[in-house]
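Student:
In our numbering, the protein residues as written are 2 to 92.
Structural data, given as structure tokens:
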């Protein structure tokens, strides 16, 4: 992700583009905060009202599938996407 942003930083391609950060590891809180700061500096329109965090790091595919199928996680994903859609529509 960081490498992709490095390619964009010299252009205005990111300016005003809506973005939402999602992560699959509770250990990545500092990395997510740093990435959010970089994206704000690049002038992305960063949706920060809700953070979607579902722990998948280190899980096998079958475990991931079960975790993502849990009702609470499905609801969290649905709400995050709906919030992001509302953010985009409100711009």
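For glycine and all other residues, C-beta sits at the position ideal for the given N, C-alpha and C.
#1: Could you check whether residue 84 and residue 49 sit closer than 7 Å to each other, using their CB atoms as the reference points?
#2: Please go through the same chain and pick out, in chain order, the residues whose beta-carbon is closer than 6 Å to the beta-carbon of residue 88, but skip the five residues on each side of it.
#3: So, under 8 Å CB-CB, residue 55 and residue 68 are touching, yes? Tell me the CB distance rounded to an integer number of Å.
#4: Could you give the DSSP three-state label for residue 2: helix, strand or coil?
#5: Would you call residue 81 buried or exposed, if buried means 16 or more other Cβ atoms sit within 10 Å of its Cβ?
#6: Between the C-alpha atoms of residue 18 and residue 24, what's the straight-line distance to the nearest angstrom?
#7: What distance in whole Å lies between the Cβ atoms of residue 77 and residue 53, which are believed to be in contact at a cut-off of 8 Å?
Tutor: Quick look at the numbers:
#1: no
#2: 48
#3: 7 Å
#4: coil
#5: buried
#6: 19 Å
#7: 6 Å
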